[in-house]
Amino acid sequence: MVFKRFVEIGRVAFISFGPHAGKLVAIVDVIDQNRALVDGPCSGVRRQAMPFKCMQLTDFVLKFPHSARQKCVRLAWEKENINEKWAATRWAKKIEAREKKAKMTDFDRYKVMKAKKMRNRIIKHEMKKLQRLASKKGKKPEKPEKSEKSEKPEKAQKSAKVQKAQKVQK
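Structure (structure tokens):
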């Protein structure tokens, strides 16, 4: 597997657990192989040392020098519109949906269950319609046996008439 997200100055990270869980920070400086100096000027995280274990790296990278002041980090953050970009990612939407589902009341879960049942009933009904249409189109039209029997004597009569006409001409 090729890694695309590296620990670097300016890399935006998502804090997965701890007192600031669910917030975004920017890596300002690397302290050692286990910790980094992070700052979240627009997410409410003060500058502090944080272990890499509680951070998940994102695709976003800011341009500023290492150990930059909070003002410089804030300007880079706002220039890149990190908050809007983060809100548009699937990752953020998934987290938001998970939180929304956890906050549902019993009545909300009941309404969701009824809506799913109704949706599945509609889908099932439409699938049955399509299956019936496909089975009718796939079958060859059956020839009724009565019509075949009635046609054979007519052909025999025609051939007899043709034979009589040929005899008369000779």
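In case it helps, our numbering puts the sequence shown at residues 760 to 929.
The beta carbon of each residue, even a glycine, is placed where N, CA and C say it ideally should be.
Only a predicted model underlies this, so the values are computations on that prediction, with no experimental measurement involved.
Check each candidate in MET877, ARG868, GLU843 and name the one with the smallest Cα separation from CYS801. Per the Cα distances, GLU843.
When the distance is taken between beta carbons, is ALA785 closer than 8 Å to VAL797? A Cβ-Cβ contact shorter than 8 Å links VAL797 with ALA785.
Per DSSP, what are the beta-bridge partners of PHE773 in this structure? DSSP, once it has assigned bridges, lists LEU783, GLN815 as partnering PHE773.
Decide if VAL766 is buried, meaning its Cβ has at least 16 other Cβ atoms within 10 Å, or exposed. Classification for VAL766: exposed.
Tell me the rounded alpha-carbon separation between ARG891 and ILE881. In a straight line, the C-alpha of ARG891 is about 16 Å away from that of ILE881.
Would you identify the three-state DSSP class for ASP865, choosing helix, strand or coil? In the structure shown, ASP865 sits in a helix (DSSP, three-state: H, G or I).
Terminal residues of the alpha helix (DSSP H) in which ALA808 lies: No alpha helix (DSSP H) contains ALA808, which is instead part of the beta strand (DSSP E) from 804–810.
Give the range of the beta strand (DSSP E) segment to which ARG828 is assigned. First-last for ARG828: undefined, no H or E at that position.
Beta-carbon proximity list for CYS813, same chain, < 7 Å, skipping 5 on both sides: Contacts found: ILE774, SER775, PHE776, GLY777.
Quick check on ARG849: does DSSP put it in helix, strand or coil? Here ARG849 carries a helix assignment [DSSP, helix/strand/coil].
Pairwise C-alpha distance: ASN879 and ASP867: Rounded to the nearest angstrom, the two C-alpha atoms are 18 Å apart.
Of all the options PHE819, LYS853, ARG794, which has the alpha carbon lying nearest to the alpha carbon of GLN807? With distances taken between Cα atoms, GLN807 lies closest to ARG794.
Please classify TRP836 as buried or exposed, where buried requires at least 16 other C-beta atoms within 10 Å of its C-beta. Burial call: buried.
Do VAL787 and VAL832 count as a contact pair if the criterion is CB distance below 8 Å? Contact: yes.
Drop a sphere of 10 angstroms on the beta-carbon of MET809, count the other beta-carbons inside from all chains shown, and report buried for 16 or more, exposed for fewer. Buried: at least 16 other Cβ atoms inside 10 Å.
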